[in-house]
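Start counting at 1 in the sequence shown, then tack on 10, and there's your number in the numbering used here.
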Amino acid sequence: EWPLRPGGDHLWVSRYILYRMAEEFGISVSIDPKPIPGWNGAGCHTNISTWKMRQPGGMKHIILAIKQMGDKHDEHIQEYDPTHGQDNASRLTGLHETASIHVFNYGVADRGASIRIPQQCEKDRCSYFEDRRPGSNCDPYAVTGRIVKTICLGI
Numbered sequence: 011e012w013p014l015r016p017g018g019d020h021l022w023v024s025r026y027i028l029y030r031m032a033e034e035f036g037i038s039v040s041i042d043p044k045p046i047p048g049w050n051g052a053g054c055h056t057n058i059s060t061w062k063m064r065q066p067g068g069m070k071h072i073i074l075a076i077k078q079m080g081d082k083h084d085e086h087i088q089e090y091d092p093t094h095g096q097d098n099a100s101r102l103t104g105l106h107e108t109a110s111i112h113v114f115n116y117g118v119a120d121r122g123a124s125i126r127i128p129q130q131c132e133k134d135r136c137s138y139f140e141d142r143r144p145g146s147n148c149d150p151y152a153v154t155g156r157i158v159k160t161i162c163l164g165i
């Protein structure tokens, strides 16, 4: 796990460095969301907040955004891996701390939900939430674009 900020550019550069280092040492790298059947998969969990979500009382904006994302669950799944959900289907089974690819849910500190609201956020009633659905092989720009379309543009 490696937290990246601001996200897209850093993820692409990190992947490039990883592949080049692997090449130097004669090993291969997989960013497949489920490289080994039966094991936990690899996601690209995405933390989301807007200015309103980070302000006092921001929880109402977090819940609104989550509900908007639930209404567009299928569209999000299509954008969250380069095979329009096929790669992620092996990871999002409802097992191994994931929600089923066919179900949208959210919860506080729920690592088995599609969307996780951190406990501190619940306590503070503001901050951010985590979309746990993007696969490790996602295009971070596609993920960000879909999230912005849904919660900021309403499309």
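In this text, a Cβ means the ideal position worked out from N, Cα and C, and glycines have one as well.
- If one requires a minimum length of 4 residues, the alpha helix (DSSP H) runs lying completely within the stretch 78-144 are 83-89, 96-99, 129-134, in chain order.
- The shortest CA-to-CA distance from residue 43 to any of 81, 99, 110, 154 is the one to 99.
- Check the Cα spacing between residue 97 and each of 52, 122, 116: the tightest is with 52.
- Residue pairing for residue 72: DSSP places it in no beta bridge.
- In terms of CA proximity to residue 114, 143 leads the group 131, 33, 143, 164.
- Boundaries of the beta strand (DSSP E) harbouring residue 56: 56-58, taken from the DSSP string.
- About 7 Å separates the Cβ atoms of residue 79 and residue 161, confirming a contact at the 8 Å cut-off.
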